[in-house]
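Participant: With our numbering applied, the sequence shown has no gaps in its numbers, which climb one by one up to 1552 at the end.
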Amino acid sequence: MGSDPATRFRVPDDRETPQRKVTISRGFYMGTCEVTRGQFAAFVDATGYLTQAEREGWTFAWNGRVWDKVDGASWRKVGFEQTDDHPAICVSFDDAVAFCRWLGTKTGRRVLLPTEAQWEYAARAGTATAFPWGDKWEDGKGWANAADEAVRKRFRGWRTFSWDDGHVFTAPVGTCRANAFGLHDLTGNAWEWTSDWYDKDYYKRGPNVDPLGPAAGSQRVVRGGSWMSSPPRCRSAGRLPCNLRGDYCDAIVGFRIVIDSNPARQLPPCSLPNRPDWPDWRGPRRDGISHHVPTRLPEQVKYLWTQKTAGPGHSGVAAAHGRVLFADKSADGTRDIWRCLDAETGKERWTLTYRAEGDMDYTNSPRATPVVHDGKAYLLGPFGHLHCVDPATGRIFWKRHLIDDFSGTLPAWGVTATPLLVDDKLIVNPGAKDASLVALDRATGKIVWKSQGAAGAYASPILANFNGRRQVIAYDAESLGGWDPLTGKRLWRIVPGREGDYNVPTPIALGERLLVATENNSTRLYGFRGMGYRGTVRVVGKPLRRFDDLAPDMVTPVAHGGMVICPHNAWLYCLDAKTLKLLWKQRDMAFYSYASLIAGNGHVLVLSLDGELLLIRATREKYKLVARLRLFGDKKTQVWSHPALAKGRLYIRNEDSINCLPLR
889 MGSDPATRFR VPDDRETPQR KVTISRGFYM GTCEVTRGQF AAFVDATGYL TQAEREGWTF
949 AWNGRVWDKV DGASWRKVGF EQTDDHPAIC VSFDDAVAFC RWLGTKTGRR VLLPTEAQWE
1009 YAARAGTATA FPWGDKWEDG KGWANAADEA VRKRFRGWRT FSWDDGHVFT APVGTCRANA
1069 FGLHDLTGNA WEWTSDWYDK DYYKRGPNVD PLGPAAGSQR VVRGGSWMSS PPRCRSAGRL
1129 PCNLRGDYCD AIVGFRIVID SNPARQLPPC SLPNRPDWPD WRGPRRDGIS HHVPTRLPEQ
1189 VKYLWTQKTA GPGHSGVAAA HGRVLFADKS ADGTRDIWRC LDAETGKERW TLTYRAEGDM
1249 DYTNSPRATP VVHDGKAYLL GPFGHLHCVD PATGRIFWKR HLIDDFSGTL PAWGVTATPL
1309 LVDDKLIVNP GAKDASLVAL DRATGKIVWK SQGAAGAYAS PILANFNGRR QVIAYDAESL
1369 GGWDPLTGKR LWRIVPGREG DYNVPTPIAL GERLLVATEN NSTRLYGFRG MGYRGTVRVV
1429 GKPLRRFDDL APDMVTPVAH GGMVICPHNA WLYCLDAKTL KLLWKQRDMA FYSYASLIAG
1489 NGHVLVLSLD GELLLIRATR EKYKLVARLR LFGDKKTQVW SHPALAKGRL YIRNEDSINC
1549 LPLR
């Protein structure tokens, strides 16, 4: 692996040194071509998956003149014409991993992204030359769709190959010659994700047998060059660090798969955004986005089933794997009750109950949403009781008490932040001086790290990536901050200009920007500085943009299609996601107080506090009410719980019941 200076065409690149011999001890199968647009579409159609670009409403793409951030761009719309036999591009690392998970489940095989070692072994195909065809890049005509004369005309001064390969942008996979192993397009067409974290010094200290890359990092390695890559980038040894989202190279990055028998290799942990289940606070990605938002509502309310509850509820509903999990409270207010129902029939499968008494505003029922993942469910009560259980049976795997175990401070409204799963860790906020934020081993409940800080806050944390730095975004009682999920080190903090925020709405990651909205400091958009490959990130102290009229105390906005949408004081606001300029606002008493929002397919579902369900067609130009339903007739009841949207059904928890409403 690697290169020596003689084969780099005068490009000093110590990320490829020292050149070394590497052994791959187990055989593997590799896709003969990159995953195509048609194959990726089959995955999307089968799962309802939304790529990162689709969720965020933009990506870097060709705008007809230059590379730029293009609203609405995604793998479906890359800025130039593609057919189903072209490589799927504008896909992030997580998107590629999600495809592998789906295909592995479908085929029963261990489908992975290649390691760097596997990729270079396959690209070289027994050669020791700079390129699969030899050491002279001029001899490569017909071997690669790379930067050619057509690219030179568009990008003056660009170092290009001296031929015209007949393709201005991507080419159908398999168009160019195969190497000695029968593999196409390992040179050019699209950069390809590998599973390895990037470390420019890894070749100096990595193992020589079955190297899997560094154990952690902030960027992944891409290989092979693309349709616009210069000769040095297209060498078999060429490697490039790439932020997990893809960032500037979105429209030139794709991937191919391997089937691997090495048991040491696993797919990196990665949630599947907008799969049909709803296993967490605000959905699979905590962003309130679902591919399954309907475009119309039923004409009347006909519940599939209804179950009475013992007490009121504020905790959100989780729906996953044919089960519905939610929180209840005993009628006398002395016991938390966690209930699991059959999603089809509403019949109870199991309950978990324990003593949890004390006075609290807005009742003392649980606030945090159940989190369901990989055969475990995490249940957090308002007084700090945390249980990890089997979601199928309710059997307890482990339990902790966040306040007692860490000498934490119980907030006035209770423990409300839903725990965050990050890889093999569960992030919680006990709010103790030496354990403000804590990472637990999600399998055992043992402490992985503790971070010093202030008392706990109410908002649920999220996982985001800014400037190539993966980080947990969370509040404490005094500030908003970012923490390294591997070590617990605090990376930055934002102290609001005005005191008194309760910090209830969840922050939202918008590409390289962070959206926050609170009652005393309004809606703000923050930016970050620092280069990901240096492992540094620093928040810009003052907001880049702000909108003072939108200041929700409890409602979390939803960001979709380049818009930020949120109700406040009887108005529904729609802001531009980049500038926070007002696009429109609509008055309706359904928007007066608390509401839950779910967006997708150009529509927004709004569930109001008084039990009214609105379906809105939201564009940048105008608001259009499609339909509205009173879910409980004239009955006076409140809906504080965030609903779950799963497989065409909305699971709604009010003060005295949980209900399953088919939406299709």
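Every residue, glycine too, gets a C-beta built ideally from N, C-alpha and C.
In whole angstroms, what is the alpha-carbon distance linking Pro-1099 and Glu-904?
Facilitator: The residue you call residue 1099 lines up with position 211 of the sequence shown. The residue you call residue 904 lines up with position 16 of the sequence shown. The straight-line gap from Cα to Cα measures roughly 15 angstroms.
Participant: Please say whether Gly-1076 and Ser-1114 have beta carbons closer to each other than 8 angstroms?
Facilitator: Sequence index remark: in the sequence shown, residue 1114 carries index 226 (1-based). Sequence index remark: in the sequence shown, residue 1076 carries index 188 (1-based). Going by C-beta atoms, Ser-1114 is nearer than 8 angstroms to Gly-1076.
Participant: Can you give me the C-alpha to C-alpha distance between Leu-1551 and Leu-1314, rounded to a whole angstrom?
Facilitator: Residue 1551 sits at position 663 when you count from the first residue of the sequence shown. Residue 1314 sits at position 426 when you count from the first residue of the sequence shown. Leu-1551 and Leu-1314: Cα-Cα distance of roughly 33 angstroms.
Participant: Quick one, are the C-beta atoms of Ile-1486 and Val-1212 less than 8 angstroms apart?
Facilitator: As a first step, residue 1486 is located in the sequence shown; it is residue number 598 there, counting from the start. As a first step, residue 1212 is located in the sequence shown; it is residue number 324 there, counting from the start. Against a cut-off of 8 angstroms, the Cβ pair of Val-1212 and Ile-1486 comes out as no contact.
Participant: For Gly-1388, collect the residues of the same chain with a Cβ closer than 6 angstroms to its Cβ; drop the 5 residues on either side in sequence, then sort them by chain order.
Facilitator: In the sequence shown, residue 1388 corresponds to position 500, counting from 1. Only Asn-1408 meet the Cβ criterion.
Participant: If we require 3 or more residues per run, which beta strand (DSSP E) segments fall completely within the segment 1488 to 1528?
Facilitator: Taking only runs of at least 3 residues, the beta strand (DSSP E) segments lying wholly in the segment 1488 to 1528 are 1491 to 1496, 1500 to 1506 and 1511 to 1518.
Participant: DSSP on Ala-1532, reduced to helix/strand/coil?
Facilitator: Taking the sequence shown and counting its residues from 1, one reaches residue 1532 at position 644. Three-state DSSP puts Ala-1532 in a strand.
Participant: Could you say which of His-1456, Val-1383 and Arg-914 lies nearest to Pro-1002 if we only look at CA atoms?
Facilitator: For the purposes of this step, residue 1002 is taken as residue 114 along the sequence shown, with counting starting at 1. Nearest option by C-alpha distance: Arg-914.
Participant: Which first and last residues belong to the alpha helix (DSSP H) in which Gln-927 is found?
Facilitator: Taking the sequence shown and counting its residues from 1, one reaches residue 927 at position 39. Start and end: 925 to 935.
Participant: Considering only DSSP beta bridges, list what Ala-1215 is partnered with.
Facilitator: Residue mapping note: residue 1215 aligns to position 327 of the sequence shown, counting from 1. DSSP, once it has assigned bridges, lists Trp-1226 as partnering Ala-1215.
Participant: Using a Cβ-Cβ distance cut-off of 8 angstroms, determine whether Arg-925 contacts chain D.
Facilitator: The question asks about chain D, but that chain is absent: this structure has only one protein chain.
Participant: From Ile-1546 to Thr-1444, what does the alpha carbon distance come to, in whole angstroms?
Facilitator: On the sequence shown, position 658 is the one that residue 1546 refers to. On the sequence shown, position 556 is the one that residue 1444 refers to. Roughly 22 angstroms separates the two Cα atoms.
Participant: Check Pro-1119 in the structure and name its three-state DSSP category.
Facilitator: In the sequence shown, the residue the question calls residue 1119 occupies position 231. Reduced to three states, the DSSP call for Pro-1119 is helix.
Participant: I'd like to know whether the C-beta atoms of Pro-1307 and Lys-1092 end up nearer to each other than 8 angstroms.
Facilitator: Residue mapping note: residue 1307 aligns to position 419 of the sequence shown, counting from 1. Residue mapping note: residue 1092 aligns to position 204 of the sequence shown, counting from 1. The answer is no: Cβ separation not under 8 angstroms.
Participant: According to the Cβ coordinates, are Ala-1506 and His-1530 closer than 8 angstroms?
Facilitator: The count along the sequence shown starts at 1 and reaches residue 1506 at position 618. The count along the sequence shown starts at 1 and reaches residue 1530 at position 642. No.
Participant: Is the beta carbon of Phe-1019 closer than 8 angstroms to that of Cys-921?
Facilitator: In the sequence shown, residue 921 corresponds to position 33, counting from 1. In the sequence shown, residue 1019 corresponds to position 131, counting from 1. Result no, Cβ atoms of Cys-921 and Phe-1019 do not sit closer than 8 angstroms.
Participant: If we ignore side chains and look at the alpha-carbon of each, how far apart do Gly-1234 and Thr-1194 end up?
Facilitator: Residue numbering aside, residue 1234 sits at position 346 when the sequence shown is read from its first letter. Residue numbering aside, residue 1194 sits at position 306 when the sequence shown is read from its first letter. Near 7 angstroms, if we compare the C-alpha coordinates of Thr-1194 and Gly-1234.
Participant: Return yes when the Cβ of Met-918 is within less than 8 angstroms of the Cβ of Leu-1128, no when it is not.
Facilitator: As a working mapping, residue 1128 is identified with position 240 in the sequence shown. As a working mapping, residue 918 is identified with position 30 in the sequence shown. In this structure, Met-918 does not lie closer than 8 angstroms to Leu-1128 by Cβ.
Participant: Short check: CB of Trp-990 to CB of Thr-935, under 8 angstroms?
Facilitator: One-based indexing of the sequence shown puts residue 990 at position 102. One-based indexing of the sequence shown puts residue 935 at position 47. Result yes, Cβ atoms of Trp-990 and Thr-935 sit closer than 8 angstroms.
Participant: Would you report the Cα separation of Thr-1183 and Asn-1489, rounded to the nearest angstrom?
Facilitator: Residue mapping note: residue 1183 aligns to position 295 of the sequence shown, counting from 1. Residue mapping note: residue 1489 aligns to position 601 of the sequence shown, counting from 1. The straight-line gap from Cα to Cα measures roughly 8 angstroms.
Participant: Could you tell me if Met-1419 is buried or exposed, where buried requires 16 or more neighbouring beta carbons within 10 angstroms of its beta carbon?
Facilitator: Numbered from 1 along the sequence shown, position 531 holds the residue referred to as residue 1419. Note that Met-1419 has pLDDT 39, beneath the 50 cutoff, so the model's placement of it is unreliable and no number is given.
Participant: For Gly-1296, count neighbouring C-beta atoms within 10 Å of its own C-beta (all shown protein chains included) and say buried if the count is 16 or more, exposed if not.
Facilitator: By one-based count along the sequence shown, residue 1296 stands at place 408. It counts as buried.
Participant: With burial defined as no fewer than 16 other Cβ atoms inside 10 Å of the residue's Cβ, what is the status of Leu-1470: buried or exposed?
Facilitator: In the sequence shown, residue 1470 corresponds to position 582, counting from 1. Classification for Leu-1470: exposed.
Participant: For Lys-831, which residues of its own chain have a beta-carbon under 7 angstroms away from its beta-carbon, when the five flanking residues on both sides are left out?
Facilitator: As shown, the chain starts at 889 and ends at 1552. That puts residue 831 outside it, with no answer to give.
Participant: Leaving out five residues before and five after Leu-1539 in sequence, what residues of the same chain have Cβ atoms less than 7 angstroms from its Cβ?
Facilitator: On the sequence shown, position 651 is the one that residue 1539 refers to. First, the residue type needs correcting, since residue 1539 is Tyr and not Leu in the sequence shown. For Tyr-1539, where only same-chain residues beyond five positions count, the Cβ hits under 7 angstroms are Val-1205, Ala-1207, Val-1212, Pro-1531, Ala-1532, Ile-1546 and Cys-1548.
Participant: For the segment 1233 to 1248 and the segment 1270 to 1284, state whether three or more C-beta atom pairs, one from each stretch, are separated by less than 8 angstroms.
Facilitator: Short answer: they touch.
Participant: Rounded to whole angstroms, what's the CA-CA distance from Met-1248 to Ser-1203? Just pull it up for me.
Facilitator: Taking the sequence shown and counting its residues from 1, the one referred to as residue 1248 is at position 360. Taking the sequence shown and counting its residues from 1, the one referred to as residue 1203 is at position 315. Taking the straight line joining both Cα atoms gives about 15 angstroms.
Participant: Cα-Cα, which of Asp-1073, Asn-1353 and Ala-1256 is closest to Gly-1028?
Facilitator: If you number the sequence shown from 1, residue 1028 lands on position 140. Among Asp-1073, Asn-1353 and Ala-1256, the Cα nearest to that of Gly-1028 belongs to Asp-1073.
Participant: Does His-974 pass the burial test, meaning 16 or more other C-beta atoms within 10 Å, or should it be called exposed?
Facilitator: On the sequence shown, position 86 is the one that residue 974 refers to. So His-974 ends up on the buried side.
Participant: Compute the beta-carbon to beta-carbon distance between Leu-1403 and Ala-1447, rounded to the nearest angstrom, for a pair I have assumed lies under 8 angstroms.
Facilitator: The count along the sequence shown starts at 1 and reaches residue 1403 at position 515. The count along the sequence shown starts at 1 and reaches residue 1447 at position 559. Going by Cβ atoms, the distance from Leu-1403 to Ala-1447 rounds to 7 angstroms, so yes, they are a contact pair.
Participant: Note down, in chain order, each residue of its chain lying with its Cβ closer than 7 angstroms to the Cβ of Val-932, except the 5 sequence neighbours on either side.
Facilitator: In the sequence shown, the residue the question calls residue 932 occupies position 44. Cβ within range, chain order: n/a, list empty.
Participant: Consult DSSP for Thr-995 and reduce its assignment to one of helix, strand or coil.
Facilitator: Taking the first residue of the sequence shown as 1, we reach residue 995 at position 107. DSSP places Thr-995 in helix when its eight states are reduced to three.
Participant: Starting from Tyr-1414, trace the alpha helix (DSSP H) in both directions and tell me its first and last residue.
Facilitator: Residue 1414 sits at position 526 when you count from the first residue of the sequence shown. Not the alpha helix (DSSP H): Tyr-1414 falls in the beta strand (DSSP E), residues 1410 to 1414.
Participant: Quick check: what's the CA-CA separation for Thr-880 versus Glu-1008?
Facilitator: Shown here, the chain extends from 889 to 1552; a query on residue 880 therefore has no answer.
Participant: What residue range is occupied by the uninterrupted beta strand (DSSP E) comprising Gln-1359?
Facilitator: In the sequence shown, counting from the first residue as 1, residue 1359 sits at position 471. That run of the beta strand (DSSP E) goes 1357 to 1363.
Participant: What are the partner residues of Ser-1545, as DSSP defines its beta bridges?
Facilitator: Here residue 1545 refers to the residue found at position 657 of the sequence shown. Paired residues: Lys-1196.
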